[in-house]
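Protein chains in written order, with the working numbering: chain A, 164 to 450; chain B, 4 to 920.
In structure tokens, the structure reads:
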């Protein structure tokens, strides 16, 4: 449940998600002042025939969403912007070692993609015993190749059981959705330039699945949500939308953008006056 | 039109539809990848497919989203997962790459529905890509045929194996062959060994044939170089169906990596093609020209039964075409063009052709015409006339075929009705060229008020933003394209060449070559009548030393188109053998035929009849009397060598009859300066030593000269040359020009040791002198012994005294009696010798010196006798010096004794003197 923002469109804590992106409900940050819009977009067309009549050749209607957020703490604004814009990369390991944006390993030792017993999808990353290593150069770099902060999330199969690890650049860690900063993650290395390396020094092969590398630090309450996900992370920059506004039976694949940030001073509840609060203008398109 | 399923028809009837399109590209491993899903997102932004009746194939242009982050379709991004098949360990192999196979499918479904049944509407290959904007362009499957160049000419419709036409390669000397190729001899004129036969390569060692064509057997095999050719049978003349030949051409010219293309002919035109050579061009051009000759089309069309595009040879449905579809006003948008242009209308056609079954006496087909016209069109548009003149070698060689061609052209060009261009409101992927569509008018007529029926000449599908839109271009009835006929009419058809054929020399029993001797050579005449099927260009003429010589570069005398050749510079009297090799060019490649049998001949010698009777050949120098002149300007064999006063300038040949020897003589005009020099031909001389003598020879030079005007001196030189004709020395005789009248001048010279040749040289002494002089009758000869004079005396050696010996004998009294040289005599005293004899003792200690005198004057002939003890023969002689004498001269010998030692008895001296002339 959202803990930081409970004063947006969904002030309560027991309401179902309104419009969640990869499980993170946007209701707490959506401003009720500028009402969210849900424009419809036709794929295909309508033509004027020679006699002036309209001929429809539509194949789909797409449901988009635009809204403005409430003022957010600067760090949280960065996290929400990154989430909505689909920053970072997701490796499903279903068919290859390439990520959802095309980043492949820059170096491997005894690392393969194989069917295995995946947590989600159809395949895993398998590192051989003792020597297995895989590096994704620059994986944690943000747009433009700059590296500041990161969050790495991955499922790791230990003794036949999948465990979910989240590690951020400030040392916050979650194991299976439970904050556990003391967890040992020496097998996961993020270098000063954003290269992400997973090594296996154990005496047995080690499988990994659903690697997600984000070039920002998640808001802390997201760890509890991501850590217990029951489906794979979205193939960034595509996002999985769900919630009340998503009326399809299945998850809606969307892609988002923050078109602008409005900077303002505010004093959120429980905080002193913040001079770097930000409001996001968000557009979300059905893919 | 492509077949429409019941579902397709139902969707169309609904008035609305949904349209989906996807593009597949084959990757390096041969797997088709769907560009709308392969990268995890739909990369196809837009796609255009177009085809026009004039063009041989459709085109497709696809615009892609180049990349999403690192997922990049750009072929030069080697790190993109797409260019490595999503395998980081795989080799770089761009997906979007030239020559990759592409297929484009559409799915037409009810509106708002996802794709259902996919329908392939394009298949071809990528021809170009452009990373800027990221597009790639494709041509249909025949694009490969348009880039397959026919590398080698082959002959078609000329031979059959098991009832099927086989292509023939024409034999080329030193050509490279592979097993199972069929070969047509180049030498196959009437009487040639290769006439009417064809062969198959059954074995190879080097695979390279010999440098000349072999003699072709009537059965079995022949080996030429490293290739074995085996007789297969006789060539055919009936021809083969055009579709069989089209398939032959397709099979023979596949490029590396190209798959087989099988021609589909729904119904045969029944057109038999006779022998022809397929010239070097692109395969597609070759097969389209053949198809279009009878007004048929060949292009890739969808074949429902096999569910694929196949190269289809078909005739457009020109007569009463079936209406494939009728479009209501709601089906098409505003009309973009509805026009008629007279430019591409032709309603009266004449076809000129050569009738292969009606020949003139010499075998040339008669030229005939077929004329057809469309009366309705002429009434409407006026007569618009065109003519197609088929080449002599065209496959249109009968009335039936010419009429078919004329009617096809007429049908395609006579009635355009109208040229209509419009867009349909919905995608219409079922369109094919030559579909015949109807368009219904609106309730309130705009452009027409009755349904218009027209044939599709072009279409374009454009897919973008989830919409497929089809534009149509239509005109008249189904055609192969009016402009194709009109281009033929304007420019004529391209000729189909006859199979390349060389004619060789028929067998040994029919000599085709006559060789007759000429001086120092021979004349070869090839009895050759040009075969109208042969491609004779020229002959190689070879001369060798033996009958079985190999005609190659060392024996080649000439290459010429002439059938007569003068062979020169052969050794007179030597036996030689002659061979001729016919040659030509097949395209740009030289072809050599079978060499002729060797013809023996003997190089000719000059006979006396070749010599002019005018010069005095008995004397040197040659033409010394200046009687012959080849050009009337210069005296033959006399060379003006200064380069300034050449013949006709410094030297003049005068033929006024005033010469002494015959009628000609020459004049030296000294105004040319002192470099005016004239030189005779060289003459062989003998210095005397070369024949084992110790005496030099003496040569006498005589000539006539006549002073013309002025005064001055000139030189007559004798230049002595060695065995290499290099100058050794020059003896000069100076003459004063002042004397008048023709004078006979005689002088004599002794050649220096080593002299083998001499020549006469005439020159002026001083540049500033200005005079004219005539010369005639130069003679140069070796002096020969003529007579001998003997002198004798009894002398007393005891005193020093001078004796004058007289001729008459050894015992004549001592007295100064000097003999007179009798007339006519001009010559030299040469070889003077003396023998000593004493009365009472040896000549001994007394030495005698003898000096020969002419007209009382001492000459240079001096020698001594003495100091030899004993009786005969005390000997002394002078063989080196000589003195010129002539009639009237007196000769004497001065003898001076010298006392030395003890006195001795008187002695007799006998002196012998040889006169030479």
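Just so it is clear, CB atoms sit at the ideal spot from N, CA and C, and this is done for glycine as well.
Could you check what DSSP says for residue 292(B) in three-state terms: helix, strand or coil?
For the purposes of this step, residue 292(B) is identified with residue 289 of the second chain, where counting begins at 1. Here residue 292(B) sits in helix by DSSP.
Any idea what DSSP makes of residue 310(B), helix, strand or coil?
Your numbering for residue 310(B) matches position 307 in the second chain. Coil, per DSSP.
Decide yes or no for the touch test of the stretch 39-52 of chain B against the stretch 451-459 of chain B: beta carbon pairs closer than 8 Å, at least 3 of them.
Under the Cβ criterion (8 Å, minimum of three pairs), the stretch 39-52 of chain B does not count as touching the stretch 451-459 of chain B.
Does residue 455(B) have its Cβ less than 8 Å from a Cβ in chain A?
Position 452 of the second chain, counting from 1, holds the residue named residue 455(B). No, because no Cβ of chain A sits closer than 8 Å to the Cβ of residue 455(B).
What residues are listed by DSSP as bridge partners for residue 174(B)?
The residue labelled residue 174(B) in the question sits at position 171 within the second chain. Paired residues: none, contrary to the question.
Close-in-space but distant-in-sequence residues of the same chain around residue 30(B) (CB under 8 Å, 5 per side omitted):
Start at 1 with the first residue of the second chain, and residue 30(B) comes out as number 27. For residue 30(B), the CB contacts under 8 Å within the same chain, skipping 5 residues up- and downstream, are 36, 88, 96, 98 and 103 in chain order.
Residues of chain A with CB closer than 8 Å to the CB of residue 75(B), please, in chain order.
Taking the second chain and counting its residues from 1, one reaches residue 75(B) at position 72. Residues of chain A passing the Cβ test: 265.
So within the stretch 337-396 of chain B, which uninterrupted beta strand (DSSP E) runs reach at least 3 residues, ignoring any that extend past its ends?
Listed in chain order, the complete beta strand (DSSP E) runs (minimum 3 residues) inside the stretch 337-396 of chain B are 340-342, 351-362, 368-376 and 388-392.
Answer yes or no: does any C-beta atom of chain B fall closer than 8 Å to that of residue 508(A)?
Beyond the ends of chain A as shown, which are 164 and 450, falls residue 508(A); an answer cannot be given.
Start-to-end residues for the alpha helix (DSSP H) that takes in residue 402(B):
On the second chain, residue 402(B) is found 399 positions in, with the first residue counted as 1. DSSP places residue 402(B) in the uninterrupted alpha helix (DSSP H) bounded by 402-416.
Counted within 10 angstroms of its Cβ, other Cβ atoms place residue 271(B) as buried (16 or more) or exposed:
To locate residue 271(B), count along the second chain from 1; it is residue 268. Only exposed fits residue 271(B), as fewer than 16 other CB atoms lie within 10 angstroms of its CB.
So what does residue 607(B) bridge to, in DSSP terms?
Counting from 1 along the second chain, the entry for residue 607(B) is found at position 604. Per DSSP, 522(B).
Leaving out the 5 sequence neighbours to the left and right, which residues in its chain are closer than 6 Å to residue 433(A) when beta-carbon positions are compared?
Here residue 433(A) refers to the residue found at position 270 of the first chain. If we look at residue 433(A) and ignore the five residues flanking it on each side, it has no Cβ neighbours.
Determine which residues of the stretch 349-377 of chain B have a Cβ less than 8 Å from any Cβ of chain A, and write them out in chain order.
Within the stretch 349-377 of chain B, no residue has a Cβ that lies closer than 8 Å to any Cβ of chain A.
C-alpha gap between residue 401(B) and residue 242(B), whole angstroms
Residue mapping note: residue 401(B) aligns to position 398 of the second chain, counting from 1. Residue mapping note: residue 242(B) aligns to position 239 of the second chain, counting from 1. Whole-angstrom Cα-Cα distance: 13 Å.
Note down, in chain order, all residues in the stretch 260-287 of chain A with a beta-carbon under 7 Å from any beta-carbon belonging to chain B.
Flagged, chain order: 260, 261, 263, 264, 265, 266, 267 and 268.
Mind checking which residues open and close the beta strand (DSSP E) that includes residue 724(B)?
To locate residue 724(B), count along the second chain from 1; it is residue 721. For residue 724(B), the enclosing beta strand (DSSP E) stretches over residues 716-724.
Relative to the C-alpha of residue 384(B), which residue among 418(B), 355(B) and 353(B) is closest?
Taking the first residue of the second chain as 1, we reach residue 384(B) at position 381. Nearest of 418(B), 355(B) and 353(B) to residue 384(B), Cα basis: 418(B).
Ordered along the chain, which non-local residues of its own chain (more than five positions away) have a Cβ less than 8 Å from that of residue 341(A)?
What you label residue 341(A) is simply residue 178 of the first chain in a count that begins at 1. Hits under 8 Å: 387 and 390.
Would you mind sorting residue 921(B) into buried or exposed? The rule is 16 or more other CB atoms within 10 Å of its CB.
Outside the modelled stretch of chain B, which goes from 4 to 920, sits residue 921(B), for which no answer is possible.
So what does DSSP say about residue 530(B), is it helix, strand or coil?
In the second chain, residue 530(B) corresponds to position 527, counting from 1. The three-state reading of DSSP puts residue 530(B) in coil, since its state is none of H, G, I, E or B.
Run the CB neighbour count on residue 288(A), radius 10 Å, all protein chains shown included, and call it buried at 16 or more, exposed below.
Your numbering for residue 288(A) matches position 125 in the first chain. So residue 288(A) ends up on the buried side.
Tell me which residues share the same chain as residue 424(B) and place their Cβ nearer than 8 Å to its Cβ, disregarding the 5 neighbours each side in the sequence.
Here the question's residue 424(B) lines up with position 421 in the second chain. 338, 339, 340, 341, 474, 475, 476 and 477.
If you follow the beta strand (DSSP E) that residue 259(A) is in, where does it begin and where does it stop?
Position 96 of the first chain, counted from the first residue, corresponds to residue 259(A). Unbroken run through residue 259(A): none, as it is neither H nor E.
CB of residue 414(A) within 8 Å of CB of residue 405(A), strictly
Taking the first residue of the first chain as position 1, residue 414(A) is located at position 251. Taking the first residue of the first chain as position 1, residue 405(A) is located at position 242. Contact: yes.
Contact belief for residue 520(B) with residue 581(B) at Cβ below 8 Å, rounded distance in angstroms:
Working through the second chain from its first residue, we reach residue 520(B) at position 517. Working through the second chain from its first residue, we reach residue 581(B) at position 578. Between residue 581(B) and residue 520(B) the Cβ distance is about 11 Å, and since that is not below 8 Å, they are no contact.
Residue-level contact to chain A via CB, residue 61(B), 8 Å cutoff
Locating residue 61(B) in the second chain gives position 58, counting from the first residue. Not an interface residue.
With 16 other Cβ atoms within 10 Å as the buried cut-off, status of residue 924(B)
Here chain B has residues from 4 to 920 only, and residue 924(B) is not among them.
Beta strand (DSSP E) segments (min. 3 residues) lying fully within the stretch 83-131 of chain B:
As far as the stretch 83-131 of chain B is concerned, its whole beta strand (DSSP E) runs of at least 3 residues are 104-112.
Members of the stretch 89-110 of chain B near chain A, C-beta cut-off 9 Å:
Within the stretch 89-110 of chain B, those residues whose Cβ lies closer than 9 Å to any Cβ of chain A are, in chain order, 89, 90, 91 and 92.
Within 7 Å of chain B by C-beta, residues of the stretch 187-220 of chain A in sequence order:
Here the close residues are 206, 207, 208, 210, 211, 212, 213, 214, 216, 218, 219 and 220.
Quick one, which of 661(B), 290(B), 123(B) and 221(B) has its alpha-carbon nearest residue 778(B)'s?
Along the second chain, one-based indexing puts residue 778(B) at 775. Selection 661(B), 290(B), 123(B) and 221(B) evaluated against residue 778(B) yields 661(B) as nearest (Cα-Cα).
Determine which residues of the stretch 324-343 of chain A have a Cβ less than 7 Å from any Cβ of chain B, and write them out in chain order.
Contact residues of the stretch 324-343 of chain A toward chain B are absent (C-beta to C-beta distance below 7 Å).
For residue 398(A), which residues in chain B fall below 8 Å Cβ to Cβ?
The residue given as residue 398(A) occupies position 235 in the first chain. Chain order gives the chain B residues near residue 398(A) as 43, where near means a beta carbon separation below 8 Å.
Within-8 Å CB hit, residue 429(B) to chain A:
Working through the second chain from its first residue, we reach residue 429(B) at position 426. Yes, residue 429(B) counts as interfacial toward chain A.
Buried or exposed: where does residue 251(B) fall if 16 or more other Cβ atoms within 10 Å of its Cβ makes it buried?
Position 248 of the second chain, counting from 1, holds the residue named residue 251(B). So residue 251(B) ends up on the buried side.
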